[in-house]
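FYI, the numbering for the sequence shown is 27 to 127, going by my numbering.
Each remark here refers to the structure printed beneath this line.
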Amino acid sequence: VADIKPPLSADTKADIGPKIRKDFDFSVVRSDLNAINEALDEDTQRGTDRIVRAILQDITELEIAQKQKPGVPRSETRLKNVCGKLDKLEKAFGDYLAFAD
């Protein structure tokens, strides 16, 4: 997530879609998170299942929010929306990793 923010801050026209699709391939992320979840005890899984669903939803929302016509800069509102989605996804990953500690 942290790798996506700088290009977006530097250029409001930045096409971050390919990076999102590469780094957050939905099926790969889902498989990886589910594999990790299987190694956790049932009580922990109850908490992480909710976070996994949130992460997957955040990825979907980010993919939709970032879409932009080529060469057209994002409006201030749209830029805030994309940055908000990135922040939300970063927090969800942080919450998930907190269970590993």
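Cβ coordinates follow ideal geometry from the N, Cα and C atoms, glycine included.
Please read all numbers here as calculations on a predicted model, not as lab measurements.
Cut-off 7 Å between Cβ atoms - residues of its own chain near residue i, not counting five sequence neighbours on either side
i	result
R56	L82
A91	N107, V108, K111
Q71	N63
When the options are compared against residue i, the one with the closest alpha-carbon
i	options	result
D41	G73, R79, E89	E89
D37	F52, I85, R100	R100
G97	Y122, N60, K39	K39
V27	A124, A118, F125	A118
Proximity test, residue i beta-carbon vs the ligand FAD heavy atom, cut-off 8 Å
i	result
S57	This structure simply doesn't include the ligand FAD, nor any ligand for that matter.
Three-state secondary structure assigned by DSSP to residue i
i	result
T70	helix
D37	coil
R47	helix
Contacts around residue i, its chain only, beta-carbon distance under 8 Å, and the 5 residues preceding and following it disregarded
i	result
I142	Residue 142 is absent from the model: the chain starts at 27 and stops at 127.
Beta-carbon proximity list for residue i, same chain, < 6 Å, skipping 5 on both sides
i	result
P21	No answer is possible for residue 21: the residues shown for the chain start at 27 and end at 127.
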